[in-house]
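Right, one structure below, let's go through it.
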Ligand SMILES: Cc1ncc(C[n+]2csc(CCOP(=O)(O)OP(=O)(O)O)c2C)c(N)n1
Ligand SMILES: Cc1ncc(C[n+]2csc(CCOP(=O)(O)OP(=O)(O)O)c2C)c(N)n1
Ligand SMILES: [Mg+2]
Ligand SMILES: [Mg+2]
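Residue numbers (the working numbering), protein chains in the order written: chain A, 6 to 340; chain B, 6 to 340; chain C, 8 to 334; chain D, 8 to 334.
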């Protein structure tokens, strides 16, 4: 299966505004993510699991989905996606600091367990792979009612070893449900390299087994990601059934703040990956293309940093959940 | 994927003795299976789930595996397979009548839940698909110890929707374990036709997704089955990893004695399938080829019927389990 | 009022709700043309079409997980698991996902979904078509678990379960399907999902039970009458939450308690009932709490003598009641 | 004798058995180069090679199901589930298959396999890295379930579990890994898989508990001494089978009973302990049985105030003990 890529000096048919928006989304997610790492290292946030290196494809999908209309069953690295759809740095900092007003879970779940009813982002737990079946379910509901909403769902390549993932692909394909399955393949499941996880390097090859279109896209190439996302969403929305997209992405951080990848990774390889960071490359590419100036880029960083500072301030000032609320929302509350 | 078939007047490189043995095994299984249906209809056996229509491929594998050396994780339609490997009509009639001496389970499990320690046929429960992971496990054990035993496992096409089946294929493929996965595709899972079960008609197409060799064989063609089985076993034994074989078979009976397929099947289609019964076709084929005479065939039937009569007599005379044994074998018994 | 079977009562409840509410749909193995292996959904696909009575692939985690997603998106799925024994591949979706969805989203999401499954033995179903596995789910906050024993409750509780905004596991004793008949009103009614039912009033021995065992216990209770003992038979019906007040009230009233179930005893519904009584009725008991249940074997065997060994019978219950009476 | 951590005790037990018996091998997510997310298997892959310390794909049903098959074919697998919370996808393989293999084959097959998993909370693990789900398995005949609380028992019981001819679920409280240290003999020894341990002798109140709660309870018990109350603290250790004799003996001796656990209460190990006491100690009790456990919420939340709300502390245990003492 060929990997979709963009030639260095190609705009891939995307206008300047779209390209700038993509860059803005990517940078915004990255700055937030880095800020959370800082909070973690400062001992103010006990846990973080990062999306750094995965942003491009998430931004691409976020921009091609209809927020609040389509259905989203994401996974823990999808910070950038949630931001594009309409969640805010403040929302996630509330979560990172386990504040009562965290819209994801009211401080009940670990950070990066996304949920937003308003945006049809359904609540995600920690058990990897389960959300693909939920996505088949939201899409089935849309199909039963004859609505044109599509469902987007994602997971890592490691999670595709779970039986639920097969069950979801098989069912969605059999019933031609409007689901976009995105596999964010960073080649690692915590410490386990893909070679011990699966027999072939491309998860998208499995699309054939289900009679689905499969695509592999270079996750370090935002424009290629955008085109693949547009095509995948259009396919799902056309009623032709699901589509399986695999993005080759980089895990530029340890698995989570509890992990230390130096124990099991070749550091020179990691260094090489850092050189391929899509955010850095995309910035130069846009500047080369004349879509962005150095000044734009630095103004943008200033603006986003200010937003982040404000968000952090607000989140820090917000109260923790009151212990008296711990028993709430187990079942419907009868009044 | 092409379906392996044999031309009508071809012996497919098989000598007369082998062909006669195949026919004998098929007929023996069929006669036993029919006898059990009679016992069921007479109210003497509360349950049966039949292998009628699935025999050819099972016989083919049974003859190509090394009984007592290779490992077997079968499913409930594999009556013929167990007979070829060395279980007897008496064994299974003891089970059908829930007798204490039933080697499968001592009358504890429903009939057709096969087990025979002596023959490395590991105990099967009722939960479909789980045995494929057990098969990966027996094969892993062989691999760890560097032995050349292969593991054979089987299930229906319906069972392939279970997550465990994916997990087993993925793991066996990743670690190149010596497993033969046989899918006995009869197009139905109880009442559910394959079109509602899976997106594509061939389960073997999924082999590609795991980088495995996949084969589809005509399950009504015993010689083609034999060749596929020989090839599959050789592949697994060579250390090249697993292989996925799909046999297109016919379910010529209701799902089980508790089911009535007239509720959900087109009767004319079923009649047409009955015309394709491999046992009938194989008999004429062997007679045409001069490998078998009418007289041989009827002598064989007489011999096998006599064996069956004896087996039934013995099974009927055998005692039921004593209730005092019900608490035994929960855990190891400490003496 | 018509006298109908337990099975038909469930079907009527499902049918009425499907007619009333377009968001209700059925999902499971063989639920369509075959109408389920026991016939509970017979005729529904003809009436409501393929998409509202959907034959799923053979995958229980799928059935539960798809129900979760569909419930997020405005539907009220009724997921059928062919036998309760086969619910185990769906345990992760039920316990990790369904039970925790509301809580983990701080009340933002809720899942109006029902998971139905036949349980129990005595039908030559052997190890995998006879189990009573409800204890596993009764441990888990965020779920409701019910097991009606009469056609009246079967219909009223399936309707309540479908309308409930949270996941309800609805367990049907497979021996009750055709063996138990009873009067069921024609119109719409509901039975609450959290109350026990006094199946027989008495003041001497309180018996707590559920499912098909209710009928076994009632038979045994009648046998105690000539000797002058009136048993109070409490049909728990709701296994999570248990109706603590009703349990405590009957236990205090009678002072002697038998807990009887088909399921294995260790860490079971019966354990919890006994524990509640041990906590709350200390000063009211005239005898030790007694429990009857499945023996310590992994599941019911096939051979009739072994199956009989496993099952509770009126005789065994009667023997326990006599022992309690004599204490 | 060396003083080592709970974690190291487990590792030593595994390592010794792997050296002694070539059929012992480890299978699980990240058990190789990383040595497991908590480090229990650290160094073992280097010592024993890739095939005896095998990084599995990310699939728990696989881990358990492959262990079943390998155990059939002469091996003694030690399957690691990364967190007990993630054992749920493996429930079918454990309960339908592992627990029933010996019984359903009438003793022909047996499965010498261990499933290890860290459980329990108090580490900011939130809903899915804090649960105590052992009750589910304690219901099921055909399994052994243990949860040691000291390094001595951890090593002795992992060795026993590996040598046992039947499936053993071996649950490790994740907070104990580094927090609990204790003396462990250098040589080979075993601790039986079916006996409770008196962690502290006393005659006034019997407390039944297990896992990390043993240490919480011991702390609370010391606080009762000045007031003249000596608690007997029973570390259950073996959760299936429970050591019925030890439970009954301590309950009878003290006459007052507290059952304390981190897990949710309904239909739990604590329910069973209370039920056993209700059955067997009727004439010996001086107060109602009291239970302390996780509140009725699906799992431990993340935010520290909520997590604290969930957890049992020495203060909460002490309050319960004082209430019992005053009864
Ligand atoms: C069912 C389950 N098993 C195990 C875990 C522990 N775990 C969390 S993330 C992870 C690795 C996931 O790898 P992958 O799917 O490739 O996603 P990535 O983190 O690389 O993006 C594991 C094993 C889990 N969360 N859920
Ligand atoms: C886990 C599980 N779910 C459901 C069942 C009930 N069941 C028994 S056989 C069967 C259909 C199997 O169809 P298939 O795999 O195609 O095999 P076939 O019977 O056609 O040979 C079903 C649904 C079961 N035994 N196990
Ligand atoms: Mg990954
Ligand atoms: Mg089939």
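No residue lacks a Cβ here, since even glycine has one placed at the ideal position from N, Cα and C.
None of these values were measured; they are calculated from a predicted model.
Q) Considering only residues of the same chain and omitting the five flanking positions on each side of residue 45 of chain C, which have a CB-CB separation below 8 Å? A) 14, 125, 181 and 184
Q. What's the C-alpha gap between residue 319 of chain C and residue 10 of chain C?
A. Between the alpha carbons of residue 319 of chain C and residue 10 of chain C lies a distance of about 27 Å.
Q: Determine the chain D residues that contact residue 2 of chain C at a beta-carbon separation under 9 Å, and present them in chain order.
A: Any property of residue 2 of chain C remains undetermined from this structure, which presents chain C solely from 8 to 334.
(Q) Any heavy atom of ligand 4 inside 6 Å of the beta-carbon of residue 194 of chain B? (A) yes
Q) Taking 6 Å as the line, does the beta carbon of residue 163 of chain B fall inside it for any heavy atom of ligand 4? A) yes
Q: Could you tell me which of D/307, D/141 and D/54 sits nearest to residue 91 of chain D, measuring between CA atoms?
A: D/141
Q.
Against chain B, which members of the region 33-58 of chain D pass a CB distance test of less than 9 Å?
A. Interface annotation for the region 33-58 of chain D against chain B: 34 and 58, criterion Cβ-Cβ distance under 9 Å.
Q) Would you say residue 299 of chain D reaches chain A, if we count a Cβ-Cβ gap shorter than 7 Å as a contact? A) no
Q.
Restricting to Cα atoms, I'd like to know which of B/225, B/279, B/120 and B/243 is closest to residue 115 of chain D.
A. B/120
(Q) For a test of the three-state rule: what should DSSP assign to residue 142 of chain B, helix, strand or coil? (A) helix
Q. Does the Cβ-Cβ distance between residue 162 of chain C and residue 191 of chain C come in under 7 Å?
A. yes
Q) What in chain C is Cβ-close to residue 110 of chain D, meaning under 7 Å? A) 304 and 305
Q) Quick one: does the C-beta of residue 191 of chain B sit closer than 6 Å to a heavy atom of ligand 4? A) yes
Q | Where the beta strand (DSSP E) containing residue 223 of chain B begins and where it ends | A | 219-223
Q: Provide the residue span of the beta strand (DSSP E) that contains residue 289 of chain D, from first to last.
A: Here residue 289 of chain D belongs to no beta strand (DSSP E), and DSSP marks it neither H nor E.
Q | Three-way DSSP call (helix, strand, coil) for residue 93 of chain B in this model | A | Note: residue 93 of chain B maps to coil in three-state DSSP.
Q. Is residue 68 of chain C near ligand 2, in the sense that its beta carbon is under 6 Å from a heavy atom of that ligand?
A. no
Q. For residue 96 of chain D, does the three-state DSSP call read helix, strand or coil?
A. helix
(Q) In the DSSP output, what is residue 76 of chain A paired with across the bridge? (A) A/156
Q | Closer than 6 Å: residue 274 of chain C CB and nearest ligand 2 heavy atom | A | Checking the Cβ of residue 274 of chain C against ligand 2 gives no.
Q) By the 10 Å Cβ neighbour count, where 16 or more other Cβ atoms means buried, how is residue 208 of chain A classified, buried or exposed? A) Residue 208 of chain A should be labelled buried.
Q: Report the residues of the region 244-265 of chain B with a CB closer than 7 Å to any CB of chain A, ordered along the chain.
A: none
(Q) Could you check whether the Cβ of residue 259 of chain D sits closer than 7 Å to any Cβ belonging to chain C? (A) no
Q: Express the C-alpha separation of residue 48 of chain C and residue 86 of chain C in angstroms, rounding to a whole number.
A: 11 Å
Q) Is residue 115 of chain A near residue 52 of chain A, with beta carbons less than 7 Å apart? A) yes
(Q) Between residue 316 of chain D and chain A, is the shortest Cβ-Cβ distance under 7 Å, so that the two count as touching? (A) True, the Cβ-Cβ gap to chain A drops below 7 Å.
Q | Opening and closing residue of the beta strand (DSSP E) in which residue 191 of chain D lies | A | 188-191
Q.
Out of A/109, A/69 and A/73, which one is the CA nearest neighbour of residue 5 of chain A?
A. This structure gives no information on residue 5 of chain A, because the portion of chain A shown stretches from 6 to 340.
Q) For residue 259 of chain B, which of B/311, B/241, B/32 and B/196 has the nearest alpha-carbon? A) For the residues B/311, B/241, B/32 and B/196, the minimum Cα distance to residue 259 of chain B belongs to B/196.
(Q) Does any residue of chain D have a CB that is nearer than 7 Å to the CB of residue 269 of chain A? (A) yes
Q) Taking Cβ to Cβ, would you say residue 166 of chain B is nearer than 7 Å to residue 331 of chain C? A) Contact: no.
Q | Pick from A/177, A/47, A/21 and A/39 that is closest to residue 63 of chain C, judged by C-alpha positions | A | A/177
(Q) Against residue 176 of chain A, what residues of chain C qualify as contacts under a CB-to-CB distance less than 8 Å, listed in chain order? (A) 63, 64, 66, 69 and 73
Q. Rounded to a whole number of angstroms, what is the C-alpha to C-alpha distance between residue 277 of chain D and residue 122 of chain A?
A. 38 Å
Q) Since residue 242 of chain D is in the beta strand (DSSP E), which residue starts that stretch and which ends it? A) According to the DSSP assignment, residue 242 of chain D belongs to the beta strand (DSSP E) that extends over 238-242.
Q: Leaving aside the five residues before and after residue 96 of chain D along the sequence, list all residues of the same chain whose C-beta is less than 7 Å from its C-beta, in chain order.
A: 67 and 68
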